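Q: Residue numbers (our numbering): 12 to 971. Ideal Cβ placement from N, Cα and C applies to all residues, glycine included. Model, not experiment: these values are computed from the prediction.
#1: Compare the Cα-Cα distances from residue 777 to each of 736, 737, 790, 722 and report the closest residue.
#2: Enumerate, from N- to C-terminal direction, the unbroken beta strand (DSSP E) stretches of 3 or more residues contained entirely within the segment 454-525.
#3: DSSP three-state label for residue 23, please.
#4: Do residue 593 and residue 646 have their C-beta atoms closer together than 7 Å?
#5: Between the segment 226-235 and the segment 164-174, are three or more C-beta pairs nearer than 8 Å?
#6: Let me know the secondary structure DSSP gives residue 933 once reduced to three states.
#7: Could you pull the start and end residues of the alpha helix (DSSP H) that residue 654 belongs to?
#8: Only counting the same chain, and skipping five residues up and downstream in sequence, which positions put a Cβ closer than 8 Å to that of residue 759?
#9: Across which residues does DSSP place residue 676 in a beta bridge pair?
#10: Could you tell me which whole beta strand (DSSP E) segments of length 3 or greater appear in the segment 181-268?
#11: Do you know whose CA, among 744, 525, 831, lies nearest residue 757's CA?
#12: What's the call for residue 711, buried or exposed, on a 16-neighbour Cβ count within 10 Å?
#13: Check this for me: beta carbons of residue 570 and residue 678, under 7 Å apart or not?
#14: If you reduce the DSSP assignment to three classes, tell me which class residue 729 lands in.
#15: Give the straight-line distance between the Cα atoms of residue 151 and residue 205, rounded to the nearest whole angstrom.
#16: Since residue 72 and residue 105 are thought to touch, with beta carbons under 8 Å apart, how far apart are those beta carbons, to the nearest angstrom?
#17: So residue 787 and residue 956 are in contact, right, with Cβ under 8 Å, and what is the actual spacing, rounded?
#18: Which whole runs of the beta strand (DSSP E) in the segment 869-912 are 3 residues long or more, in chain order?
#19: Is it right to say residue 37 is buried, meaning 16 or more other beta carbons lie within 10 angstroms of its own, or is it exposed?
#20: Which complete alpha helix (DSSP H) runs does the segment 528-613 hold, if anything under 4 residues is left out?
#21: Note down, one range per segment and in chain order, each beta strand (DSSP E) of at least 3 residues found wholly within the segment 841-865.
#22: Round the Cβ separation of residue 742 and residue 799 to the nearest angstrom and send it over; I've been treating them as touching at under 8 Å.
#23: Could you confirm whether any beta carbon from chain C is found closer than 7 Å to the beta carbon of residue 674?
#24: In whole angstroms, give me the CA-to-CA distance for residue 23 and residue 368.
#25: Please identify the residue among 314, 179, 67, 583 whose C-alpha is closest to the C-alpha of residue 49.
#26: Only counting the same chain, and skipping five residues up and downstream in sequence, which positions put a Cβ closer than 7 Å to that of residue 888?
#27: Within its chain, find whatever has a CB closer than 7 Å to the CB of residue 439; leave out the 5 residues flanking it on each side and keep chain order.
#28: Starting from residue 639, follow the alpha helix (DSSP H) in both directions and report where the run begins and ends.
#29: Apart from the five residues on each side of it in sequence, which residues of its chain come closer than 7 Å, Cβ to Cβ, to residue 518?
#30: Evaluate residue 655 with the Cβ neighbour count: other Cβ atoms within 10 Å of its Cβ, from every protein chain shown; 16 or more gives buried, anything less gives exposed.
#31: Work out the CA separation of residue 391 and residue 422 for me, nearest whole Å.
#32: Just the C-alpha distance for residue 616 and residue 574, rounded to the nearest angstrom, thanks.
#33: Do the segment 350-364 and the segment 24-33 meet, that is, are 3 or more Cβ pairs less than 8 Å apart?
#34: State the DSSP-derived secondary structure class of residue 625, mapped to helix, strand or coil.
#35: Quick one: grab the DSSP three-state call for residue 107.
#36: Considering Cα atoms alone, identify which of 74, 257, 480, 110 is closest to residue 193.
Structure below.
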């Protein structure tokens, strides 16, 4: 019996164990680093969300202050009740605000009368200041800044009547606000309303005298009459901001997060406790026990997150921190991975030791048997070598067939129907049929029922005539899908020369056929809509003309253009425009017969070819049906649109004998349809071609008119019916054409809109009008309001506000003397977008007016949301106010509506004294029209201003 050798640990097993432990440690460290980084990222995300909530509350508060300030800017006199009604919803939506104040400047001379007036409403009222924590009558000063209005009154009684200038910290902040015209915040101080130790701060925004010119700090100091203020308890502000977003407390499963807010910009980690607004102050950093290892290896300790932001000129800083947490306090993938890797390393080392021991035993047995087999192997080697040489020759041929990427099929020439005898793996892959289902069948089973193919006869001819051949065939896989093949077939002869088999090579050319089809589609189809393109349209129209010529049938060619498509493209983007074009293409396609041709020429233009058939004639009802299908409501990105179209019709053979002529004349007719008001159709006439040529000439000249300085502005005066004086002008563009003379706007404005030239032309009008308005001021001719109309394309341009601001800056004209006019239909096309643009324009300080009011479809709810100053009554209502009771009632209603919304009213197109008398009797504010003056050039209007021309008293009746 053999003795078992003593156990010894192999070097391979030991090395495996060491490497495994090392890898486990590296894996643990990597996962711990990742967990630590994830904890840090998660903490910073929580911190940023809380900081954003605080900043959002402060930003909302600043907007509230600006809104309350705008109340005093918009109205020269604001009553206490108006202030309360305006402030209550703002305070309800912003619980962070302690109070909203209005400070009135009261001089020492005005003080007795002011206090006496206030006591009539508020007994015991007096202007006070704070002395030793108690309100006492204010000491004598040149001027007091008194808390005149305050909301809410409850809880803020101590501040009512207080002289804010008695606090130096408020006086300094107020001076900054007056000089800059922007909100200014005080530092922290004890509020009068505060009974505890909590500190607060106040944000102030000045109110200037109406009509004052505010160009620099001295002019602002001279014009200031008071201010509006928002009062905050500092700690309550932060608490309410966090409570609103549910950020106070520590939700289950989240870290304990500490938030400290400081009214300081210091970066030093030792914070000034006097600037602490919220939180418990910064604690000493915790130093966890690490045993000399990196801290991140054992603890999750994110670094404190800090962020500073500006609050009306004061810098605040928020510090968010969290204490270190031992990584084992939560589920740790790193620990589990380390334990799993360590156990795996031990197991692998044990397996390695077992394999080494077994290998040693096997090696001893192999050495013993090798000697016995060596002699036997030498005898077999010679025999095997001979057989291999024979087999290699056969296997080379088999491997070549087996490895081929093309299907190889061997047919038995002596079997019925030339049955398949062999197929290679490529055949199985291409057709989906396994070899056992294909062997014994005729090759035609791949063709299915598709037997009407010319290539099949070629295959039959090759087998019958025992020759080579080639055919392109449609085949069907086992799952029924079609694939194309290029089949090459050749006979195989035996030693006697007789054909025993046929070999067929089948190449899959499906991808090539698909590419050819796609190429043909791209050549003849529109990529977006799938409709016919220009090439296919000309081919189809040419075929239709040949057929119509042979049988004497007419053909209608319809040229369709979508109305206001560019407005949708500019406002919602090209992606929305593509959605619209696809929908319109489907509607047109479903409105015609399958034999009719629908093509897209490009952009929003479509062409239809409608040949007459023996079973139905052509009528205008077909055109109306197509237009009605296009006009159905369509919703894109939440906006509902009603798309109309303009259609031009040409008829073969009367309007042309070639495809080019018919399409061209239908295009000319379409433009005539647009000129006659859009949303209609027109048949081609020869006169239209002359108008089209003239239109092309005007369009070409229009592109160069701006560079050549051919545009001029005319100005129509606007007269105040109370003072009878000229208070404003409306700028109206004219084109001094070198050949056609003075071209009125009706002949080129629509064309400029369509080509996009209205944008640079409109920018020039704004610049020139501002320049002329400032020039009249320099000449001492008064400060007139300059009104400029905006087109739809201008209103949609992204840099509209910047363009207006640049014109004001370059000319030096103050914004309050520029009035932007917009049509009612323009602002109602997309209300929410229009409100945003109007507010941006209003922020510049310009006036806003709605032109042609009453002709659109605005509602009172929308009208209240528009920040407008003036309503202009359309001339269509003014024309018949003295003879048409309906028009008179509409005008009276518009005037009443405007005055109830505190808007001014201007009536356009006043041409008779009867119209003027009616408007004056119903308290219309201003008029413009031929009765006072036609639009005239700047020089003529300057002379009119120098002469002091005004509306004569006898012209306005006895009411003047």
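A: In short:
#1: 722
#2: 480-487, 493-504, 510-519
#3: helix
#4: no
#5: no
#6: coil
#7: From DSSP, residue 654 is part of no alpha helix (DSSP H); its letter is neither H nor E.
#8: 709, 713, 746
#9: None, per the DSSP bridge assignment.
#10: You should have 211-219, 235-244.
#11: 744
#12: exposed
#13: yes
#14: strand
#15: 26 Å
#16: 6 Å
#17: 7 Å
#18: 881-884
#19: Classification for residue 37: exposed.
#20: 545-562, 576-583, 585-602
#21: With a minimum length of 3 residues, the continuous beta strand (DSSP E) runs that stay inside the segment 841-865 are 858-864.
#22: 5 Å
#23: The chain inventory of the structure shown lacks chain C, comprising one protein chain alone.
#24: 11 Å
#25: 314
#26: 865, 898, 901, 902
#27: 445, 446
#28: 631-641
#29: 417, 496, 497
#30: exposed
#31: If you take the alpha carbons of residue 422 and residue 391, they lie about 40 Å apart.
#32: 10 Å
#33: yes
#34: In this predicted model, residue 625 has a pLDDT of only 47, less than 50, meaning its place in the structure is not dependable; the value taken from the coordinates is given anyway. Correct three-state label for residue 625: coil.
#35: Residue 107: coil per DSSP, three-state reduction.
#36: 74
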